[in-house]
Structure formats: C-alpha cells, structure tokens
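Q: Taken in order, these protein sequences are the chains called F and W.
Using my numbering, the first residue of the first sequence is number 3, and each one after it goes up by one.
Using my numbering, the first residue of the second sequence is number 3, and each one after it goes up by one.
I have a structure here, written as structure tokens, and I will follow up with some questions on it.
Number of protein chains: 2
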Amino acid sequence: MARPREFNVDKALEGAMGVFWEHGYEQASLPDLLSGMGITRGSLYKAFTDKRTLFLTILERYDTMAVQPAVEVLTNEEVSEGMQRIEKLFHSILEIQNKGDNRGCLLCSAAAGPANYDKEIGKVVTKLLEKMKTGFAAALLASNAKKQLPAKKIESLADMLVTNYVGLKILVRSHASNGMLKSSVNAVLSTIRAETQ
Amino acid sequence: MARPREFNVDKALEGAMGVFWEHGYEQASLPDLLSGMGITRGSLYKAFTDKRTLFLTILERYDTMAVQPAVEVLTNEEVSEGMQRIEKLFHSILEIQNKGDNRGCLLCSAAAGPANYDKEIGKVVTKLLEKMKTGFAAALLASNAKKQLPAKKIESLADMLVTNYVGLKILVRSHASNGMLKSSVNAVLSTIRAETQ
DNA sequence: ATCATTAGGAACCGATTGGTACAAAACACA
DNA sequence: TGTGTTTTGTACCAATCGGTTCCTAATGAT
Numbered sequence: 003m004a005r006p007r008e009f010n011v012d013k014a015l016e017g018a019m020g021v022f023w024e025h026g027y028e029q030a031s032l033p034d035l036l037s038g039m040g041i042t043r044g045s046l047y048k049a050f051t052d053k054r055t056l057f058l059t060i061l062e063r064y065d066t067m068a069v070q071p072a073v074e075v076l077t078n079e080e081v082s083e084g085m086q087r088i089e090k091l092f093h094s095i096l097e098i099q100n101k102g103d104n105r106g107c108l109l110c111s112a113a114a115g116p117a118n119y120d121k122e123i124g125k126v127v128t129k130l131l132e133k134m135k136t137g138f139a140a141a142l143l144a145s146n147a148k149k150q151l152p153a154k155k156i157e158s159l160a161d162m163l164v165t166n167y168v169g170l171k172i173l174v175r176s177h178a179s180n181g182m183l184k185s186s187v188n189a190v191l192s193t194i195r196a197e198t199q
Numbered sequence: 003m004a005r006p007r008e009f010n011v012d013k014a015l016e017g018a019m020g021v022f023w024e025h026g027y028e029q030a031s032l033p034d035l036l037s038g039m040g041i042t043r044g045s046l047y048k049a050f051t052d053k054r055t056l057f058l059t060i061l062e063r064y065d066t067m068a069v070q071p072a073v074e075v076l077t078n079e080e081v082s083e084g085m086q087r088i089e090k091l092f093h094s095i096l097e098i099q100n101k102g103d104n105r106g107c108l109l110c111s112a113a114a115g116p117a118n119y120d121k122e123i124g125k126v127v128t129k130l131l132e133k134m135k136t137g138f139a140a141a142l143l144a145s146n147a148k149k150q151l152p153a154k155k156i157e158s159l160a161d162m163l164v165t166n167y168v169g170l171k172i173l174v175r176s177h178a179s180n181g182m183l184k185s186s187v188n189a190v191l192s193t194i195r196a197e198t199q
C-alpha cells in the first residue's frame, strides 16, 4: 500500500543511543545523530518526531539495554549471597572504564543535564534510578547478614548505593583515575559488609 | 593613561558563576552570561578572552567560593570529632536542597559535562575533587576511631566520600526527593561510623 | 589641549542549531 | 498499468551560536 521503510528502526535507535551516550543529550547535534543512525533528516522526523522525543525513546531503550541487566545482576538468585551481586555490578563499572570506555552512564549524564529543566525527562530519570534502587535493595535483602536488616535500613543502604553508583559513573566520565575509583568501590563494599555483619 | 573599566570584575565574575552554576557550561549562552554579568560582549571578550577561558576562571573562583569552604568545614579543628565535620557537610547539602536550590554543584556538573572532552577543564575538575578528598581524609583522621585507621583505609574512605558527594549533588540537580537524599546521607554516615568504631 | 591607550557597545560575521517543506521514489493493491 | 500512500532526501528556514570588528567614549599623562 505504501513505500516500506528502508532502515531498521532498532539499528537506528541503537545508533542514536550510542550518540546520546557519548555526547549527552544537549551536545548531541542532529548531524551527529543522523550519521550515527545512518538515516536522513526526513526519516528521523517522520519516524521519531523530534530530538527530544527521540531521547525519551532512547531513555526507555537504555532501561531495557542497561538498567534492566544491572537489576538482573542484583536480583540473580543463582548468586545466593547478595553482596556478591553488588560486588559484581561495581566491579563491572571498573572493568568498563579499564577497557577505555569513559562514556559513563547515559542515565546519570541525563540526571546531571536535561533532568534539571525538563520535567518529563526528569521523571523518567527518577523512575530508572528508583529501579536501580529496588535492585540494590533486593541484593541487600539476600545478603547473609548475621541478623536480618530492618526494611528501613535496607532502603537506606539502597539509596546510598544508588548515590554511589551515580557518583562513580560521573567520575568515570570526568576521567577520574582507575585507582581512585577502585579505592572508592573497595570502601563502599567493605563498609557495607561491616554494616551487614 | 587609559579609560578605566566601568564594571566591577569581581561582581561580573560572581554573575558569571551564577549563570554557569545554573545552566552548566555548554548550556550557558553568551547572552545569558552577558545579562548575568551586567556587561556587553566587547567587555567580556576584552576582559575574559572567551567563554571557555571565562569558565576556567570561574572554576578557580568556585574553588575559593565553594570547595575551599567545604574543605574548611572538614578540617575545622574547633570540631574535634572528625565525623561531626563530615556530618555537617552532608547535612548542609540536604539543607540547600530543602531551601529549593536545585543547581547542585558547578564542579560536579562540569565533571559530567565538559570534563569529558576538554582536557584542561578535566584537569581542573580532577584537581578540585582531589582537594575535596584531602578534606574528607583530614576529617577521617580526626575521627575518634576505637583504633586509629590505617592510612590506606582513610584514603579509601575519602575516595568513597568524594564519590558520594558527587552522586548527591548530581541527584540534587535531577530533582531527586529530599527523603531519598536524606536516607542516602544517613546510610553513608552510619556505615562510616560503623567502620571507624 | 593633545595624545596614547583602553573600555564600551553595537553591528556584523560565518557557522551551526533544531526543524520544515516538498518533490521524487518506492512500494501494495486494483 | 495506473493509483494511493508512505518514505526518503534535499533544499531551505529562522534563530541562535560563539566570536570579531570597529568606531566612539573616557581617561591619565604630557
């Protein structure tokens, strides 16, 4: 009935995510996005409305591509000891940086950027950070604490871990030394271990 | 010998700091800066070279206006118990947000933004974060730990506190709830207390 | 009063910004 | 082989970006 789309929507979104991840929302220009997505202006506006809507779409994609997997690490019952799950997540942050990837976290950069003045973006950012928190809470609940921690304590520690996660990812983006980050991660893990034993 | 400057350099820099603080480096436009500083283009470029150089100048100003005072809180020997100094700093973050100030921290926003692709800005950002770290380390050293902590442990905890500080400030900027931040702060403080006792 | 020197301010610069208009192209269906 | 419908790509848009030019204004020294 009509001309079919020539590009793969998923690949295009994958490309857009890469561009936003690297440059951040505001610093990602339309030409950046177009070349990263392998499409032209007409197609972008026809398929994705505009830059801001595209970014909102990408945030949801980042949920499934990055947040969800992180939460799965934190809730993976195959690793019975919850602390080990948290360790795994934080160590993976160090590993990613060690491989030379200094993009940090698209979500955290959005928190520092457009979430401040764009209510809708802000809401999504908060929602995804909340999701991370539930992951941390689940892991803490599964920790072999000598005495089971009260719910309020777990929530509090989960909030702290989210804060720490955001801080780490921002520091990665600012090219902080791997040694400093490693030292920081060791400290959070050991302090939490001390608290849960 | 020549026409004297009509504006007060210090007031102009104060205005520029306010604009950069609110909008971040990239999002602060020249008209924003000019009206915030109360001067015109000619004066800005004559006195401060260009936007980027102005921002570098402002970062140094932020050092004396915000980082230095924070470090002074952390090293204030009138508060003999180091943990109390750390508490004071973190509680002040909550208080600032409670007053409706969601700008966060100019330094932390720079870490999330231009520090990633501008080496010189990145160096200054790292330097100032390092300064924060020395403050935290001094406070930890002055904590009444049952047994004095080894130097390496102190450094590690200081790195963690810097990470947490950055995370908190970014979360403030993203309009995270005051309850979540309070919960997070309570957790860091109590976990560190547990470690140092 | 003259002069050298600097500040101020507006006009202007090319480049880039995100976004739109529209004609050509490619398909499904009749 | 039309015909209707949608995609694609390009030309174009006004607005804004950071930055420069240049003329005038204001000063202190001579």
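Note that CB positions come from ideal geometry on N, CA and C, so glycine has one too.
(1) On the DSSP letters alone, give me the boundaries of the alpha helix (DSSP H) that W/H93 sits inside.
(2) According to DSSP, is F/L151 part of a helix, a strand, or is it coil?
(3) Taking a contact to mean a Cβ-Cβ separation below 8 Å, would you say W/I88 touches W/L151 in this structure?
(4) Contact criterion: CB-CB distance below 8 Å. Does W/A189 meet it with respect to chain F?
(5) For F/S179, does the count of other Cβ atoms within 10 angstroms reach 16, so buried, or fall short, so exposed?
(6) What is the DSSP secondary structure of W/R54, counted as helix, strand or coil?
(7) Quick one, which residues of the stretch 140-165 of chain F are near chain W if we go by CB-CB under 9 Å, in chain order?
(8) Would you say W/V73 reaches chain F, if we count a Cβ-Cβ gap shorter than 8 Å as a contact?
(9) So F/V81 contacts chain W; which residues on that side make the cut at Cβ distance below 9 Å?
(10) Give me the chain F residues within the contact set of W/T193, using Cβ-Cβ distance strictly less than 9 Å, ordered along the chain.
(11) Between F/S176 and W/V127, which are expected to be in contact by the criterion C-beta below 8 Å, what is the C-beta distance as a whole number of angstroms?
(12) What residue does the alpha helix (DSSP H) around W/P71 start on, and which one ends it?
(13) Nearest chain W C-beta to F/Q99 closer than 8 Å, yes or no?
(14) Does chain F have any CB closer than 8 Å to the CB of W/R175?
(15) Give a yes or no on whether 8 Å exceeds the smallest Cβ distance from W/V127 to chain F.
(16) Going by Cα to Cα distance, which pick from W/A49, W/G26, W/G20 is closest to W/N10?
(17) Closer than 9 Å by beta-carbon distance: list the chain W residues that pair up with F/L170, in chain order.
(18) With distances taken from CA atoms, which of F/K171, F/K13, F/S192, F/S31 is nearest F/V105?
(19) Take the Cβ of W/P116 as the centre, count every other Cβ of all protein chains shown within 10 Å, and call the residue buried at 16 or more, exposed below.
(20) What residue from W/H93, W/L109, W/P71 has the CA that sits closest to W/T59's CA?
(21) Just checking my contact of W/M39 with W/A18 at CB under 8 Å: how many whole Å lie between their CB atoms?
(22) Determine the chain W residues that contact F/E28 at a beta-carbon separation under 7 Å, and present them in chain order.
(23) The stretch 16-46 of chain F: which residues have C-beta closer than 8 Å to a C-beta of chain W, in chain order?
(24) Specify, as a first and last residue, the run of the alpha helix (DSSP H) that W/G38 falls within.
(25) Rounded to the nearest angstrom, what separates W/A30 and W/L142 at their Cα positions?
(26) Which of helix, strand or coil does DSSP assign to W/S45?
(27) Contact check, F/S185 vs W/E132 under 8 Å by CB: the rounded distance?
(28) For F/S111, collect the residues of the same chain with a Cβ closer than 7 Å to its Cβ; drop the 5 residues on either side in sequence, then sort them by chain order.
(29) Quick check on DSSP: helix, strand or coil for F/H25?
(30) For W/D34, collect the residues of the same chain with a Cβ closer than 7 Å to its Cβ; drop the 5 residues on either side in sequence, then sort them by chain order.
(31) Excluding sequence positions up to five away, which residues of its chain have a Cβ less than 8 Å from the Cβ of W/M182?
(32) Cutting at 8 Å between CB atoms, please list the residues of its own chain near F/L32, excluding the five before and the five after it.
(33) Between the alpha carbons of W/T77 and W/A160, how many angstroms are there, rounded?
(34) Which residues, in chain order, does the stretch 48-72 of chain F contribute to contact with chain W at a C-beta distance below 8 Å?
(35) Considering Cα atoms alone, identify which of W/K121, W/E83, W/V168 is closest to W/T198.
A: In this structure, then:
(1) As a position in the second sequence, residue 93 of chain W is number 91, starting the count at 1. Looking at the DSSP string, the run of the alpha helix (DSSP H) that includes W/H93 is 84-100.
(2) Against the first sequence, residue 151 of chain F aligns to sequence position 149. The answer is coil: DSSP assigns F/L151 none of H, G, I, E or B.
(3) By one-based count along the second sequence, residue 88 of chain W stands at place 86. By one-based count along the second sequence, residue 151 of chain W stands at place 149. No, the Cβ-Cβ distance between W/I88 and W/L151 is not below 8 Å.
(4) If you number the second sequence from 1, residue 189 of chain W lands on position 187. Cβ-Cβ to chain F under 8 Å: yes for W/A189.
(5) For the purposes of this step, residue 179 of chain F is taken as the residue at position 177 of the first sequence. When all chains shown are included, F/S179 counts as exposed.
(6) Within the second sequence, the letter at position 52 stands for residue 54 of chain W. Shown here, W/R54 sits in a helix according to DSSP, grouped into three states.
(7) Of all residues in the stretch 140-165 of chain F, those with a C-beta nearer than 9 Å to a C-beta of chain W are K154, K155, E157, S158, L159, A160, D161, M162, L163, V164, T165, reading in chain order.
(8) Locating residue 73 of chain W in the second sequence gives position 71, where the first residue counts as 1. With 8 Å as the cut-off, W/V73 does not count as an interface residue toward chain F.
(9) As a working mapping, residue 81 of chain F is identified with position 79 in the first sequence. The premise fails here: F/V81 is roughly 22 Å from chain W at the closest Cβ pair, so nothing lies under 9 Å.
(10) Numbered from 1 along the second sequence, position 191 holds the residue referred to as residue 193 of chain W. What W/T193 touches in chain F: L159, M162, V190, T193, I194, A196, E197.
(11) The residue labelled residue 176 of chain F in the question sits at position 174 within the first sequence. The residue labelled residue 127 of chain W in the question sits at position 125 within the second sequence. About 5 Å separates the two Cβ atoms, so the contact holds.
(12) For the purposes of this step, residue 71 of chain W is identified with residue 69 of the second sequence, where counting begins at 1. W/P71 -> alpha helix (DSSP H) spans 70-77.
(13) Reading the first sequence from its first residue, position 97 is the one you call residue 99 of chain F. Closer than 8 Å: no.
(14) Position 173 of the second sequence, counting from 1, holds the residue named residue 175 of chain W. By this cut-off, W/R175 is an interface position.
(15) Locating residue 127 of chain W in the second sequence gives position 125, where the first residue counts as 1. True, the Cβ-Cβ gap to chain F drops below 8 Å.
(16) Position 8 of the second sequence holds residue 10 of chain W. The shortest Cα separation from W/N10 among W/A49, W/G26, W/G20 belongs to W/A49.
(17) Here residue 170 of chain F is taken as the residue at index 168 of the first sequence, counted from 1. Correct list: T165, V168, G169.
(18) As a working mapping, residue 105 of chain F is identified with position 103 in the first sequence. It should be pointed out that residue 105 of chain F corresponds to Arg in this sequence rather than to Val. F/R105 has its Cα closest to that of F/K171, out of F/K171, F/K13, F/S192, F/S31.
(19) Working through the second sequence from its first residue, we reach residue 116 of chain W at position 114. Result: buried.
(20) Here residue 59 of chain W corresponds to residue number 57 of the second sequence, with the count starting at 1. Per the Cα distances, W/L109.
(21) Taking the second sequence and counting its residues from 1, the one referred to as residue 39 of chain W is at position 37. Taking the second sequence and counting its residues from 1, the one referred to as residue 18 of chain W is at position 16. Their Cβ separation, rounded to whole angstroms, is 5 Å, which keeps W/M39 and W/A18 in contact under 8 Å.
(22) Numbered from its first residue, the first sequence carries residue 28 of chain F at position 26. For a Cβ distance threshold of 7 Å, residue set E28, Q29 of chain W lies close to F/E28, ordered along the chain.
(23) G26, E28, Q29
(24) For the purposes of this step, residue 38 of chain W is taken as the residue at position 36 of the second sequence. W/G38 -> alpha helix (DSSP H) spans 32-39.
(25) Reading the second sequence from its first residue, position 28 is the one you call residue 30 of chain W. Reading the second sequence from its first residue, position 140 is the one you call residue 142 of chain W. Each residue's Cα considered, the two are about 37 Å apart.
(26) Mapped onto the second sequence, residue 45 of chain W falls at position 43. Note: W/S45 maps to helix in three-state DSSP.
(27) Here residue 185 of chain F refers to the residue found at position 183 of the first sequence. Here residue 132 of chain W refers to the residue found at position 130 of the second sequence. The Cβ separation is near 12 Å, so there is no contact.
(28) Against the first sequence, residue 111 of chain F aligns to sequence position 109. Correct list, in chain order: G26, R175.
(29) The sequence position of residue 25 of chain F within the first sequence is 23, counting from 1. In the structure shown, F/H25 sits in a helix (DSSP, three-state: H, G or I).
(30) Indexing the second sequence from 1 puts residue 34 of chain W at position 32. Closer than 7 Å at the Cβ level, and outside the excluded window around W/D34, lie V21, H25.
(31) To locate residue 182 of chain W, count along the second sequence from 1; it is residue 180. Contacts found: L173.
(32) Position 30 of the first sequence holds residue 32 of chain F. Excluding sequence neighbours, F/L32 sits near R43, L46, K53.
(33) Here residue 77 of chain W refers to the residue found at position 75 of the second sequence. Here residue 160 of chain W refers to the residue found at position 158 of the second sequence. Whole-angstrom Cα-Cα distance: 13 Å.
(34) none
(35) The residue you call residue 198 of chain W lines up with position 196 of the second sequence. Closest by alpha carbon: W/E83.
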